[in-house]
Amino acid sequence: MTATTTAPPEPTKSGFRANGGVRGWFADLPGVARWAFLLLFAVLAYLLPYVGNIPGIGPQIITTGIDWPSALFDMSYFVLLALGLNVVVGFAGLLDLGYVGFFAVGAYSVALLTSPDSILHTKWAWLASVPVGLAVSMVAGLILGWPTLRLRGDYLAIVTLGFAEIIRIVATSTDTLRGDRGFTGVPHPPGSGGGKPIFGVADATPYFWLGLSVIILVILGVRNLDRSRVGRSWLAIREDEEAAEIMGVRTIKYKLWAFAIGAFIGGLGGVMFAGEQGFVNSDTFVLQFSILVLAGVVMGGAGNITGAILGGALVSYIPDRLRGISDPLFHTDLYGFRFAIFGVVIIVIMIFRPQGLIPSRRRAMELRDREKEVAPIE
Amino acid sequence: MNFSGLIHDFGPLTVTGLTQGAIIALFALGYTLVYGVLRLINFAHSEVFLLGTYGCLEMWGLFGLDENSATPSTIAVIGLLVLGLVVAIAASGVTALVVELVAYRPLRRRNAPPLAFLITAIGASLAISESTGVITHRQNKGVPSLIVQKSVFSIGNMHVTNLQLLIITMALVMMFVLDRFINRSRLGRGIRAVAQSPDSAALMGVNKSRVISLVFLLGGLMAGVAAVMYVLKIGTTRFDSGTLLGIQAFSAAVLGGIGNLRGALLGGLLLGLVENYAAEVFGSQWLNAAAFVLLVLTLLVRPTGLLGESLGRARA
């Protein structure tokens, strides 16, 4: 019997990753070449503030009317948040509509510890307050997650939404958090070069570089987590929670992990935001912010790190880019319509690529199965 | 903390709470209906409501009425109210159908993952509310004073005004009609069948996409009524009114058990009451926070809401 059975074809070296396309080609490259490419991308990313100097295409890319490095920094914390939310939504499959809550916790922790307006009067340096801010964000994630992770799907969504709204309302209405008067004088990150501080107020480029460096570290961490036991548990939970539980995955534990790591990255975004702006008030942390980041993650391709980066960047870039373009109909600045246009863009992207722009391979394959599964009656 | 105020004003607070709750409940029905059938949080429902408020205001504007004009005669008021209702219902219903057609149907045809629906819903909501914001210059739009509020009857210090009575009665009537429709009519049976099992229902000859359109339309109708009640009560509308009230309405739907019509009514009324009590005790800035705390606490004890899900199957 055994002699007649033909051996199954040898699986390719890198398994399901290497099934054609740019990514298949990329995965088939030798390790050194892969890292060289990634390094090249990183270097190019660091050079982004100077993209406007490229003749011809440069001025098309940058947004006129606002400071391009500032726009890049905004993009960088959106990307960071998208990476964090991708852990929660994309990897673990937990729908979180209140992600801005953790961003707020991070920013307010820094503001409370450093600002002269704070009732704590500690006036720490920015760097000293960062670990505290991150720890507080993570604890906030655990506090929110522990009672609520027993809820499923859309119930979890509304509870997380409620959590973010409660944080916003507390920030708006209590004297301790100063509402929309906010905290002024939050110190900038440390360091000086040539007698001047590196992180000043005039030029946002160093902040962008800082954000980019943090993003690279986060990418490395998240990518390794995704490939570890934790990542496989998330995958199992996302696909079928009951089955995962029966197979011995401690679902609550790993869901809490996802929440805590997501909260940590969200807090990271918050402390950076506070450090760059020097000012924190309650107007920043509105529900739309969470929604935008979520739209970025899903639009880019939930469960895929590259997709989350692209999505996060687009969410920040598209509305900004509409500034200074006058529309033919009303002859006003399209910037007023930025979110309206953005809404339409989201719909169009999702209709043509429901799996996201750069979907995770596994998800794309699942979707293909779904399309075959049932022919919907229309 | 103002507990004595709560005890002293318990009656009036209850009436205002019930009025607010009735509007929220009508609004919540749209979320619950769509969720019951499609398992989809229809984020764009808040904009269905929003266009309802603008619809009736534009209608009244055609008669030269704005927030400064004098109250017309009783017969004219009744006529205007009916016209306003019709236009608001039409505006909301059409919006709901268009959103379904543009944002959801293409995805359904491709059998897209649930998250994709959620994101197009968000996109549709953004597109509509922001366009409204730009067109109206993000200004408040005032409402003509059609109904002069006067006390109809009172128990102790609880005075019930004609407007409050109208809103609560209207909401209850609409709820009753909808409940009968879903539970008694042939179309309602189709809705329940699709909610229980879309595929089996389709095999039994139920036209699934027609049922889905019908569900969106029904939600829109209810939102239209809620919109008229809302402008009469609040006296103003704005491009983000829908989103702000929508969060509460969605909470109410979840609180009562999303997908459950009676749950939406219960959740709405309860939410209205608790918000009003909390606003009195803690101050009005805590109104929404109280709603969410109530929601979270309820879900911890009853993870599928107060009455559970009944329109559709139990969730996995």
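Protein chains in written order, with my numbering: chain A, 17 to 394; chain B, 11 to 326.
For glycine and all other residues, C-beta sits at the position ideal for the given N, C-alpha and C.
As the structure is a prediction and not an experimental result, all values here were calculated from the model.
- The DSSP assignment places complete alpha helix (DSSP H) segments of no fewer than 4 residues inside the stretch 274-352 of chain A at 303-316, 321-337, in order along the chain.
- In the three-state reduction of the DSSP assignment, residue 69 of chain B falls in the helix class.
- Put simply, the CB of residue 300 of chain A is far from chain B, with every gap to its CB atoms at 8 Å or more.
- When only Cα atoms are considered, residue 262 of chain A and residue 53 of chain A end up about 42 Å apart.
- Under the three-state reduction of DSSP output, residue 105 of chain B falls in the helix class.
- By the C-beta density criterion, residue 222 of chain A is buried, having at least 16 other C-beta atoms within 10 angstroms.
- Looking from the CA of residue 83 of chain B, the closest CA among B:135, B:158, B:294 belongs to B:158.
- Under the DSSP assignment, residue 238 of chain B falls in the alpha helix (DSSP H) whose first and last residues are 218-244.
- Judged by DSSP secondary structure, residue 18 of chain B falls within the alpha helix (DSSP H) whose first and last residues are 13-18.
- Closest in C-alpha terms to residue 13 of chain B, from the list B:57, B:306, B:291, comes B:291.
- When 8 Å is used as the limit between beta carbons, residue 219 of chain A is near no residue of chain B, the shortest such separation being about 32 Å.
- By the Cβ rule, the stretch 248-257 of chain A does not count as touching the stretch 139-159 of chain A, because fewer than three pairs are nearer than 8 Å.
- The beta carbon of residue 47 of chain A does not come within 8 Å of any beta carbon belonging to chain B, so the residue lies off that interface.
- Across the structure, residue 246 of chain A and residue 362 of chain A are spaced so that their CA atoms are roughly 31 Å apart.
- Residue 199 of chain A has A:296 as its beta-bridge partners, per DSSP.
- In this structure residue 50 of chain A is exposed. Its beta-carbon is surrounded by fewer than 16 other beta-carbon atoms within 10 angstroms.
- Considering only B:15, B:269, B:293, the residue with the shortest C-alpha distance to residue 315 of chain B is B:269.
- Counting C-beta atoms within 10 angstroms of its own C-beta, residue 371 of chain A has 16 or more neighbours from the protein chains shown and is therefore classed as buried.
- If you check the CB distance, residue 112 of chain A and residue 97 of chain A do not come in under 8 Å.
- Ranked by how close their Cα comes to the Cα of residue 303 of chain B, the residues B:288, B:109, B:293 have B:288 in first place.
- Secondary structure note for residue 158 of chain B: it is in no beta strand (DSSP E), with a DSSP letter that is neither H nor E.
- By the Cβ neighbour-count rule, residue 105 of chain B is buried, with 16 or more other Cβ atoms within 10 Å of its own.
- Boundaries for residue 179 of chain B: no beta strand (DSSP E) harbours it, while the alpha helix (DSSP H) harbouring it runs 172-194, taken from the DSSP string.
- If you draw a 10 Å sphere on the C-beta of residue 313 of chain A, you find 16 or more other C-beta atoms in it, and that means buried.
- Sorting A:324, A:47, A:292, A:107 by C-alpha distance to the C-alpha of residue 244 of chain A places A:107 at the top.
- Residues of the stretch 296-309 of chain B with a C-beta atom less than 9 Å from some C-beta of chain A are 296, 297, 298, 299, 301, 302, 303, 305, 306, 309, listed in chain order.
- Considering only B:204, B:166, B:17, B:64, the residue with the shortest C-alpha distance to residue 248 of chain B is B:64.
- A contact is defined here as three or more CB-CB pairs under 8 Å, and the stretch 61-78 of chain B fails this definition with respect to the stretch 255-271 of chain B.
- Assignment of residue 135 of chain A by DSSP, reduced to helix, strand and coil, places it in the coil class.
- Taking 8 Å as the CB threshold, residue 167 of chain A lines the interface with chain B.
- The C-beta separation of residue 264 of chain B from residue 171 of chain A comes to about 7 Å, placing the pair in contact by the 8 Å criterion.
- Secondary structure at residue 152 of chain B: strand, using DSSP grouped into helix, strand and coil.
- In this structure the stretch 219-233 of chain A does not lie against the stretch 261-275 of chain A, because fewer than three pairs of beta carbons, one per stretch, are closer than 8 Å.
- Not flagged as an interface residue toward chain A: residue 290 of chain B, since no C-beta distance is shorter than 8 Å.
- Contact between the stretch 116-130 of chain B and the stretch 36-52 of chain B is established, with three or more Cβ pairs separated by less than 8 Å.
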